[in-house]
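Input: a single structure, listed below in structure tokens.
In this note's numbering, the protein residues as written are 2 to 90.
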């Protein structure tokens, strides 16, 4: 298996070698172009997405509870057979 320290060292050496070369300018330009492209898109961060997912789950739970409550309220009341009807002694 590859040693993470050696990979970091290799990455640092490559970054140092590229820093003074035209490749560094190319990388900066590519990052600027991609950053501009992504800024134009209507994207959200992972954190914002997770927050909205949780909000949606809570909203669904509240909706289910309200639907059950409405169903219970719309249900006709049960008649008690042993109680006399109104107006009868």
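Cβ coordinates follow ideal geometry from the N, Cα and C atoms, glycine included. These figures come from a predicted structure and were not determined experimentally.
Just how far apart, CA to CA, sit residue i and residue j?
i          : j          : result
residue 41 : residue 34 : 11 Å
residue 14 : residue 7  : 10 Å
residue 79 : residue 72 : 14 Å
residue 64 : residue 58 : 10 Å
residue 30 : residue 38 : 12 Å
residue 56 : residue 10 : 43 Å
residue 75 : residue 46 : 43 Å
residue 61 : residue 32 : 40 Å
What are the boundary residues of the alpha helix (DSSP H) that residue i is part of?
i          : result
residue 45 : Unbroken run through residue 45: none, as it is neither H nor E.
Identify, in the order they occur along the chain, each residue of the same chain with its Cβ nearer than 8 Å to the Cβ of residue i, setting aside the five sequence neighbours on each side.
i          : result
residue 97 : With the chain running from 2 to 90 in the structure shown, residue 97 is simply not present.
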